[in-house]
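Residue numbers (this note's numbering), protein chains in the order written: chain A, 999 to 1457; chain B, 69 to 448.
Where a beta carbon is used, it is the ideal one built from N, C-alpha and C, also for glycine.
This report concerns only the one structure given below.
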Amino acid sequence: MAGPGVIIVGAGPAGTRAAGILAQAGLRPTVIDEGAQAGGQIYRRQPQNFSRPPEQLYGAEAAKARALHGAFDAVKDRIDYRPDTLAWNLDGGLLHVVKGGVTDALPFAHLVIAAGATDRLMPVPGWTLPGVYSLGGAQIALKAQACSIGAKVAFLGTGPLLYLVAAQYVQAGATVAAVLDTSVGSARLAALPELAARPMQIVRGLAYLHSLRDKRIPVLTGVVPMAIAGSESRGVASISVRRPDGRKLEVECDAVGLGYHLRPETQLADLAQCDFAFDHLTRQWLPVVDEDGRTSTKGIYLAGDGARLAGADGAEIQGQLAAYAVLRDLGYAVADDKVTRLRRSLRRMERFRRGLARAFEWPWQLAADLPDSTLICRCEAIDARAIRLAVRDKGAAEINRVKAFCRVGMGRCQGRYCGHAAAELVAAASGVPIETVGRLRSQAPIKPLSIATDPRSSP
Amino acid sequence: MTGAADVLIIGGGIMGASTAFFLRRRRRSVILLERGLIGQQASGTNFGNVRRQGRFLPQLPLAHRSREIWGRLAALLGEDAEFLATGHLRLCYRPEQFEVLDAYAKDARAYGLELELISQNALRSRFPFIGPEVIAGSYSPNDGHANPRLAAPAFASAARREGARIVENVEVLGIEKNNEDFRVETATGETFRAPVVLIAAGAWASAFSAQLGEPVPLVAHGPQMAVTEPAPYVIKPSIGMSTKVTEEGVYLRQIPRGNVIFGGGNRGPAFVDIRRAKVLPENTLSQLRQIRRIAPALRSLSVIRVWSGIEGYLPDDIPIMGPSGRVSGLFYAFGFCGHGFQLGPGVGDVMAELIDTGATTTPIEPFHIARFAAAAAAVA
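Shown next, in the form of structure tokens:
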């Protein structure tokens, strides 16, 4: 094929499915993936010399993991697969990728971004102590390295991942001290009609809960996080929360897994100048996509959790839809019924996603009450007080302005971890609605780029 | 909203904001109109050099006046915008470029700027991080750097405290003069009046000067900036390469919290209509190669962010500053060609003096807008 082709960023469920369909159509898409092996985060493969069977790694999802890995391996020879490669910049029709200190500018006509998601975090005093991990990080340690983050682990947050990771830890033989959920049980009931879009998921969730109760692990809902205690040298010693009845509960532990759902990785979409819209339900900005994943920028498509947080099954569907959209936009004939069926499934996933968001609410109210000394931006060591001062003394009410004044979100993660909490702090301090606080502008590089980097063509 | 004042300032970059502050010190009433937020473009996104050496020599008196203000910013404004008099180093790779540094040092002395020329060995012992390709340097001990994100807002806040009216997010559509007063209309239908107008609208200023009969060939570019993750604080002076090779012309500085900020080389595109400027990936990559030549140890750090903004450039690489050549009561301060940050406080002080008294003790004749009228006439 002459001229620039199709590039897929990400080899998780969405990227794998997109690659499969494009390869089947006879295109030879380039697949860029930061991972050493395809599978993404959810179906992350263990290192080559590890030998745990999929059932042990992925539990109830083992069949899906096997199928996805198989699907990727089957098309490997018909795609230009580039593992261990970071897409660090995007400008016009060129995607800049770096591997092993060498960067390349790859031309594309169509770009499917399946960049996935990271944990959504709400700081709590002590969350930067050694031994505190995000829920996703705690899960990766177990999945990839067969390691527990501690000898006695407490989990704090909300969302399905909270229960899933806790159950996986129990399953792996780790000691779980407590599962502390900030959302309230009644929210689950209210969300039932939407959650019923995927009844099997409810069954599975209840099974996780049951496995925790079975081991007599305290599971509390409606808690208000107070602090993680410990020291820089010895790490986490305990976590304390306020129970719904007002009493304080302190749980001894040496590690904490922390997280409140996910947030999409949208920096590439932002660099491509795609439109974003505020999602009031989850109180975050999401890229605007049509049913098939087309963005407002011609030639840019989004799929998977990087577009809509519909989970792994949803991501597989979105990957297929995006690939079909690319084919159609290239002039290929794609059967309507295939696309219609996928869209219908995706709508069901989307309804379920909304149910989850309602059942496990992002605890935005916590930001207003965080003590001034709570570290918000870990990279730049910016506390809540500095953010509040930027609002009160300098009159900033927009997140990029606050960033300019106090450096929140300016460090190596560019606000991917602290940005949502910082925005809630700004909204609370300035008294403006969260959507008018805006969103942090993404800048290259997508992740830190070594100064030792050279272009491939460099003499 | 409407308003009237002694002076209307169009543009809230560091030039407009500092002029507003110094005009209030002279008890002139001021309204400043800014289309976005204070100090968002060239003033807030530049490198942060507070550098005198290397400047166009007739600009040194203005730079000296500005440097003196930088030194007492904290007392003047209540905050120092992270100004540090760390010294500034200009380095070179070639003997013929050392001759340029040598000649500049001699000429600058006549303007009251003392520079120290440093040989390769002395340079390496005083600044051990400097790479072996560098053959010599010129050191300006009292120059330094500051945080551009804080400087213009600091002037605006202080001006506001002193009684200036600073209006943000207001776009000026047109300026006209009838009888004694200028009339300024905004996109939201407001009208402002004053007998004196200062146009300090950066890359957007030529649209206004053209409206008032003085078109100038102003073009927009974006600085190509980047910052690394933090590392131990060892690079004290602000550093720039003196070279005739564009790609080699990079500069860098480290701040006490550890991050290294760098930029330079080729400029990037800027789009005034959508208020966006780009950092071209190839420029970042070229900068990486060049800063490794200056300080090889930087290769073990990573870049965490790049950024740009919108700067106004004129073909002769010096700004427009001073009274209009055609309209009485009209003044200009714009087009600082990527080197206006250090001058900002001085420009404000001089423009306030000029507007207040009709004259200034600092020579600014080379920057008069009439030089383009003469050029246009010659072409015609």
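CB contact below 8 Å: Ser-1371 of chain A versus chain B: no
Under 7 Å by beta carbon: chain B residues contacting Gly-1409 of chain A: Ile-372
Enclosing beta strand (DSSP E) for Glu-450 of chain B [first to last residue]: Only positions 69 to 448 of chain B appear in this structure, which leaves residue 450 of chain B out of reach.
Under 8 Å between C-beta atoms of Gln-410 of chain B and Val-118 of chain B: yes
Pro-221 of chain B: contacting residues in chain A (beta-carbon distance under 8 Å): Lys-1392 and Phe-1403
Status (buried if at least 16 other CB within 10 Å, exposed otherwise) for Arg-1042 of chain A: buried
Per DSSP, cross-strand counterpart(s) of Asn-1087 of chain A: A:His-1094
Chain A contact for Arg-217 of chain B (CB, 8 Å cutoff): yes
At least 3 beta-carbon pairs within less than 8 Å: the segment 227-243 of chain B vs the segment 1432-1444 of chain A: no
Beta-carbon neighbours of Asp-1381 of chain A, restricted to chain B and to distances below 7 Å: What Asp-1381 of chain A touches in chain B: nothing, since even the nearest Cβ is about 14 Å away.
Closest by C-alpha distance to Ile-362 of chain B, when choosing among B:Val-395, B:Ser-306 and B:Ile-378: B:Ser-306
Pair within 8 Å by beta-carbon distance, Val-1110 of chain A and Ala-1301 of chain A: yes
Asp-1179 of chain A - partner residues in DSSP beta bridges: A:Gly-1155
Alpha-carbon to alpha-carbon, Arg-123 of chain B and Ala-173 of chain B: 11 Å
Span separating the alpha-carbon of Ala-1305 of chain A from that of Arg-1437 of chain A: 16 Å
Interface flag, Val-235 of chain B vs chain A, CB-CB below 8 Å: no
Coil, strand or helix - Phe-151 of chain B by DSSP: coil
Three-state class that DSSP yields for Asn-117 of chain B in the structure shown: strand
Distance CB(Ala-219 of chain B)-CB(Ile-82 of chain B) smaller than 8 Å: yes
Chain A contacts made by the segment 316-343 of chain B, where a contact means CB separation under 7 Å: none
Whole-number beta carbon distance between Thr-1295 of chain A and Gln-1265 of chain A, since they are thought to touch under 8 Å: Rounded, the Cβ-Cβ distance is 14 Å, inconsistent with contact.
Cα-Cα separation between Tyr-1322 of chain A and Glu-1289 of chain A, rounded to whole angstroms: 11 Å
For Asp-1082 of chain A, the first and last residue of its enclosing alpha helix (DSSP H): It is not in any alpha helix (DSSP H) - Asp-1082 of chain A carries neither H nor E in the DSSP assignment.
Integer Cβ distance of Gly-1008 of chain A from Gly-1038 of chain A, believed to fall under 8 Å: 7 Å
Ile-1226 of chain A vs Val-1234 of chain A beta-carbon contact at 8 Å: yes
Pairwise C-alpha distance: Arg-1202 of chain A and Gln-292 of chain B: 51 Å
Leu-1447 of chain A: contacting residues in chain B (beta-carbon distance under 7 Å): Ser-370 and Val-371
Short CB-CB distance (under 8 Å) between Thr-1101 of chain A and chain B: yes
Sheet register partners of Ala-338 of chain B (DSSP bridge): B:Ala-345
Local conformation of Glu-1059 of chain A per DSSP, three classes: helix
Neighbourhood of Leu-1340 of chain A by C-beta, 7 Å cutoff - its chain only, sequence neighbours within 5 removed: Ile-1315, Gln-1318 and Leu-1319
Own chain, CB closer than 6 Å to Thr-428 of chain B, minus 5 neighbours either side, in chain order: Val-418, Glu-421 and Leu-422
Helix, strand or coil at Thr-1264 of chain A according to DSSP, with G and I counted as helix: coil
Closest residue to Glu-239 of chain B among B:Arg-343, B:Gly-397, B:Leu-286 and B:Asn-189 (Cα-Cα distance): B:Arg-343
Interface residues of the segment 105-116 of chain B facing chain A [CB-CB below 7 Å]: Leu-105 and Gly-112
CB contact flag (Leu-125 of chain B, Asp-175 of chain B, <8 Å): yes
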